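First up is the structure itself, then whatever we jot down about it.
Structure (C-alpha cells):
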C-alpha cells in the first residue's frame, strides 16, 4: 500500500512538472506572438506607392495635403492626435510615424511637417529613414532613386554625379513647372554632423513660391 502511494505520488509530481512545462511554453508563445503583433501594428504598410504620396499629377504635393493649410487642418487630414508622440517645435511638427513603402523597400520612421511663421501654413513635408546595415541602405537608395527618376523623368533635375559610393552625402532635386520641389538626400558613413545619423535617407517635398518661406 505504501509502495502504491509512493508510485502515485511520483506520477503526480511528474504530471505536475509536465503541466508546468506546457503552461510555461504556452505563456512564452503568447508573449512572443503579442510582441510580433505589436511590431506589425506599429508599422503601417502603405497601400500607396512612395511616388504617389509626393505628386498629384500637376504639382509636387506631400501625402495629398493641400499646400498652405494650417497646422490644425494638417493634423485633421493625417488623423494625428495631440498625444501621438508629436514633437512640436516652432514651425515644425515631428511625427514618429512608421510607414513601409514595399515597392522600394523603404521603412520611414519619422515624418516632418514644416510651416511658415504666423499665419502658420504648410510649406513642406519630409520622410526620414535610417538604416543600420550599409548594404541594405545602398540597395534602398538605388531603388528609391530609380523610382523617382522613372516617375519624374520629364521634370527639371539638378545636374550632378549622384553616386553614394563616391559621394556618401549627396542630393538630387526635381522641379515641377510651378517650382514646387522634390529633394532626395542621402547621408552615408562620412556624416560630420550630430544631427543626422549615418545611412539616412531624407525625401523633402516643398511648396511652390512665393509662399514657401523656409529652405
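In our numbering, the protein residues as written are 112 to 326. All C-beta atoms, glycine included, are put in the ideal place defined by N, C-alpha and C. Being a predicted model, the structure only gives us computed values, none of them experimental.
| Check | Outcome |
| --- | --- |
| On a CA-only basis, which of 234, 282, 165 and 319 is nearest residue 202? Give me that one, please. | 234 |
| Taking only the alpha-carbon atoms, compute the straight-line gap between residue 279 and residue 297 and give it to the nearest angstrom. | 7 Å |
| Can you tell me whether residue 291 is buried or exposed, with buried defined as 16 or more other CB within 10 angstroms of its CB? | buried |
| When DSSP labels each residue in this structure, what does residue 223 get in the three-state scheme? | strand |
| In this structure, does DSSP put residue 282 in helix, strand or coil? | strand |
| For residue 217 and residue 240, which I take to be in contact (beta-carbon distance under 8 Å), what is that distance rounded to the nearest angstrom? | 6 Å |
| My understanding is that residue 219 touches residue 209, with C-beta atoms under 8 Å, so please give their C-beta distance in whole angstroms. | 7 Å |
| Candidates 156, 166 and 155: which alpha carbon is nearest residue 314's? | 166 |
| Classify residue 267 as buried or exposed, calling it buried when 16 or more other Cβ atoms lie within 10 Å of its own Cβ. | exposed |
| Per DSSP, what kind of secondary structure is residue 310 in: helix, strand or coil? | coil |
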